[in-house]
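Quick note: to get my numbering, add 25 to the position in the sequence shown (first position is 1). Ideal placement from N, C-alpha and C gives every residue a C-beta, glycine not left out. Below is one structure, written out as C-alpha cells, with a few remarks after it.
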Amino acid sequence: MSEQPRRPRKPGKPYRRPQKDPVRILAFEALRAVDERDAYANLVLPPLLRKARERDDFDARDAALATELVYGTLRRQGTYDAIIADCVDRPLREVDPPVLDVLGLGVHQLLGTRIPSHAAVSATVELARVVLGDGRAKFVNAVLRKVARDDLDGWLERVAPPYDEDPEDHLAVVHSHPRWVVSALWDSLGGGRSGIEGLLAADNERPEVTLVARPGRATADELLGEEAAVPGRWSPYAVRLSEGGEPGAVDAVRENRAGVQDEGSQLVALALANAPLDGPDRRWLDGCAGPGGKAALLGALAAERGAFLLASEKQPHRAGLVAKALDGNPGPYQVITADGTRPAWRPGGFDRVLVDVPCTGLGALRRRPEARWRRRPEDLDGFAPLQRGLLRSALEAVRVGGVVGYATCSPHLAETRAVVADVLKQFPEAELFDARPLLPDVPDLGEGPDVQLWPHLHGTDAMYLALIRRTA
Numbered sequence: 026m027s028e029q030p031r032r033p034r035k036p037g038k039p040y041r042r043p044q045k046d047p048v049r050i051l052a053f054e055a056l057r058a059v060d061e062r063d064a065y066a067n068l069v070l071p072p073l074l075r076k077a078r079e080r081d082d083f084d085a086r087d088a089a090l091a092t093e094l095v096y097g098t099l100r101r102q103g104t105y106d107a108i109i110a111d112c113v114d115r116p117l118r119e120v121d122p123p124v125l126d127v128l129g130l131g132v133h134q135l136l137g138t139r140i141p142s143h144a145a146v147s148a149t150v151e152l153a154r155v156v157l158g159d160g161r162a163k164f165v166n167a168v169l170r171k172v173a174r175d176d177l178d179g180w181l182e183r184v185a186p187p188y189d190e191d192p193e194d195h196l197a198v199v200h201s202h203p204r205w206v207v208s209a210l211w212d213s214l215g216g217g218r219s220g221i222e223g224l225l226a227a228d229n230e231r232p233e234v235t236l237v238a239r240p241g242r243a244t245a246d247e248l249l250g251e252e253a254a255v256p257g258r259w260s261p262y263a264v265r266l267s268e269g270g271e272p273g274a275v276d277a278v279r280e281n282r283a284g285v286q287d288e289g290s291q292l293v294a295l296a297l298a299n300a301p302l303d304g305p306d307r308r309w310l311d312g313c314a315g316p317g318g319k320a321a322l323l324g325a326l327a328a329e330r331g332a333f334l335l336a337s338e339k340q341p342h343r344a345g346l347v348a349k350a351l352d353g354n355p356g357p358y359q360v361i362t363a364d365g366t367r368p369a370w371r372p373g374g375f376d377r378v379l380v381d382v383p384c385t386g387l388g389a390l391r392r393r394p395e396a397r398w399r400r401r402p403e404d405l406d407g408f409a410p411l412q413r414g415l416l417r418s419a420l421e422a423v424r425v426g427g428v429v430g431y432a433t434c435s436p437h438l439a440e441t442r443a444v445v446a447d448v449l450k451q452f453p454e455a456e457l458f459d460a461r462p463l464l465p466d467v468p469d470l471g472e473g474p475d476v477q478l479w480p481h482l483h484g485t486d487a488m489y490l491a492l493i494r495r496t497a
C-alpha cells in the first residue's frame, strides 16, 4: 500500500498540551461530586485533600486554596450565576453543568479572591482545556473576560434589583440565597434590614472550627495548649481553632476525648443537662442521636452525675457514628437502632429527653452552603409530621416532672415554634418554661421562653431550643 501524503499544517500557533493544575482540578472534582451525587462538600473535600497531600507538589497552601475555591464558589453560587447569566447569550439551564462549575470557579477567583485578574482567567481557561476540551475552553475564556471588566460591587449594581423595588430579590442576589430562604429567615428574625443583612452575610463567612472537651475525659485547658487554639465564646467546654488549625492533629480528638462540635450544639446539650428537675435524675434519652456529637457531650455530663444515657438513632450507619462518638464514655450508656416515633422504651421512663429533629438545615448554611440550593419550600411539609411525631414521643417518654428539649438546626418558624405550639395543644400535661436562664452569659436571646441562636449574633449555627416540662 502506498504511503498517504501528509496534510499540510495550517498556519498559526503550534498545539500546546494543557497544563494540569492539581489545586483547581481538585476543586472542580469536588464541585462535580456536589452537583452529580448530591454530596456535601464537607464530606467530599477531606478525602480528596488527603489523597492530594500524598503528592510532593501539593502542600498546605494548596489545600487552603482548594478549600477556599470550593466553599467560596458554593456560597456565592447565586450571585455568580446572576453575573454569568448577564454574560452569556442563552439561559443558564442550557449551559452544561461542568461548564458552569468551571465558570463559577473562575468568577470566584475574579470577584471573591485577591488573585490577579489575568492569573484568574488564565488558570481557569487552562483548567477548562484539561477538563472540558479546547472548544468549551474558548467559551469560558470569552465569559470570564467579560466578568473581569468590573468588580463585585459594580456587577451587583447591574444584576441585583434595587432594594426599594424588591427587597427580597435584592438580598437574594447580593447575598446569594434563594429568595424563599431570605423570606423565611427574615420572618424568623422579626423584620429589620440590618438583622437580615447581617445574617445572610454571616452565612457566607467561613465558620471557625470549634472543639468540645468531653467532661471527665478532656478539659478546655488541655485543648487550649494546642497551637492556634482560643477559648470558646459561651460553652465552658468549647475551644476554637483559628485559621489553619487542624482538628486531626489534636491528640484529644484522635483519642475521642474531644470532638468537633459547633458551640450552638454544645449549648443545647448544656441547657437540657442543667434544666431544674423535680425528682430523680438517673435516666437520660437522646432520641435522635446521630451522628453523635450531642450524645457524646450528654453522655459525659450524665456520667458526672452517675446517670445512664440511652442514645437512639433510626439509621444504622448513623447509629454506628453515635457508638463511635460515645466509645470510652466514663459512665453507663447504650446505643440502639430504633425509630423515635415508634419507641423501643417504656413510657415515662426518662428524667431528661433530647430530640434534635431532622430538618432543612437552614441554620447551618455556613458549613453546608450547597444545602441552600437543594432545599425547596415543599421540603418543610415532608419534615413536619416527623418533627411533631418525635416531639410527641419525647413527651411520652419523659416522666412527670422531667424535661424534654426540642432542638433543631433551623430557624424556620415552621420547624421551630409552630411544631412546639401544635404539639403542646395536643399534650396539655406539658408546658414550656424559660430556657434563657440556663444560658446566663449568652446575649440577644430574645423574648423567650425558647431560644434561637444566630450566626451573626452568637457566632454559632442557628440552633433552636425549646424546653418543656411534663406536668402530669
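Next on the checklist: Among V184, V155 and H143, whose alpha-carbon lies nearest the alpha-carbon of L169?
Outcome noted: H143
Item to check | L482 versus Q44 - alpha carbon distance | outcome: 45 Å
Checklist entry - Mind pulling the alpha helix (DSSP H) runs of 4 or more residues that sit fully within the stretch 164 to 248? => result 177 to 184, 192 to 200, 204 to 214 and 218 to 228
Next on the checklist: According to DSSP, simplified to helix, strand and coil, what is S260?
Outcome noted: coil
Next on the checklist: Can you tell me whether L478 is helix, strand or coil according to DSSP?
Outcome noted: coil
Checklist entry - Whose C-beta lies closer than 6 Å to the C-beta of Y289 among residues of the same chain, with five residues either side of it excluded? => result Per the sequence shown, the amino acid found at residue 289 is Gly instead of Tyr. Within the same chain, G289 has close Cβ partners L478, T485, D486 and M488.
Checklist entry - Out of curiosity, what's the CA-to-CA distance linking A321 and A294? => result 10 Å
Checklist entry - According to DSSP, which residues form a beta bridge with Y65? => result DSSP, once it has assigned bridges, lists no residue as partnering Y65.
Item to check | Given R75 as reference, the closest of A348, E271, D175 and D364 once Cα atoms are compared | outcome: E271
Item to check | Extent of the continuous alpha helix (DSSP H) run through D466 | outcome: Taken as a continuous stretch (DSSP letters only), D466 belongs to no alpha helix (DSSP H), as it is neither H nor E.
Checklist entry - Between which two residues does the beta strand (DSSP E) containing T362 stretch? => result Y358 to T362
Checklist entry - Would you call P187 buried or exposed, if buried means 16 or more other Cβ atoms sit within 10 Å of its Cβ? => result exposed
Item to check | Alpha carbon of A419 to alpha carbon of Q340, nearest angstrom | outcome: 18 Å
Checklist entry - Are the stretch 417 to 436 and the stretch 375 to 392 touching by the rule of at least three beta carbon pairs closer than 8 Å? => result yes
Next on the checklist: For E281 and A107, I'd like the C-alpha separation in whole angstroms.
Outcome noted: In the sequence as presented, Glu is not what sits at residue 281; that position holds Asn. Distance between the alpha carbons of N281 and A107 is about 44 Å.
Next on the checklist: Need the endpoints of the alpha helix (DSSP H) that F408 sits in, please.
Outcome noted: D404 to A422
Next on the checklist: Beta-carbon within less than 8 Å of G97's beta-carbon, same chain only, minus the 5 sequence neighbours each way: which residues are those?
Outcome noted: H133, G137 and T138
Checklist entry - Using DSSP with H/G/I as helix, E/B as strand and the rest coil, what is R377? => result strand
Checklist entry - How long is the line joining the alpha carbons of G356 and V347, rounded to whole angstroms? => result 15 Å
Checklist entry - Going by Cα to Cα distance, which pick from V360, E440 and P410 is closest to G388? => result E440
Checklist entry - Distance, Cα to Cα, P122 vs K171? => result 20 Å
Next on the checklist: Is it buried or exposed, E338, if we count other Cβ atoms within 10 angstroms and call 16 or more buried?
Outcome noted: buried
Checklist entry - When the Cα of V155 is compared with those of R42, L90, R371 and I221, which residue comes out closest? => result R42
Item to check | Under the three-state DSSP convention, the category L128 falls into | outcome: helix
Next on the checklist: Within 10 Å of its beta-carbon, does Q102 have 16 or more other beta-carbons around it, so buried, or fewer, so exposed?
Outcome noted: buried
Checklist entry - Out of curiosity, what's the CA-to-CA distance linking L323 and I361? => result 16 Å
Checklist entry - Where P316 and R393 are concerned, what is the direct C-alpha to C-alpha distance, given to the nearest angstrom? => result 16 Å
Item to check | Proximity below 8 Å, CB of A238 to CB of E247 | outcome: yes
Item to check | Alpha-carbon spacing of D447 relative to P453, whole angstroms | outcome: 11 Å
Next on the checklist: Report the CB separation of V165 from L128 in whole angstroms; it is logged as a contact under 8 Å.
Outcome noted: 6 Å
Next on the checklist: Per DSSP, what are the beta-bridge partners of W309 in this structure?
Outcome noted: L334 and R377
Checklist entry - So what does DSSP say about F458, is it helix, strand or coil? => result strand
Item to check | C-beta contact flag for L390 and D159 at 8 Å | outcome: no
Item to check | Exposed unless 16 or more other CB atoms sit within 10 angstroms - verdict on H342 | outcome: exposed
Checklist entry - Are the beta-carbon atoms of A77 and L51 separated by less than 8 Å? => result yes
Checklist entry - For the putative contact between A409 and V445, defined by C-beta atoms under 8 Å, what is the C-beta separation to the nearest angstrom? => result Not quite, the Cβ-Cβ distance comes to about 12 Å (not below 8 Å), so this is no contact.
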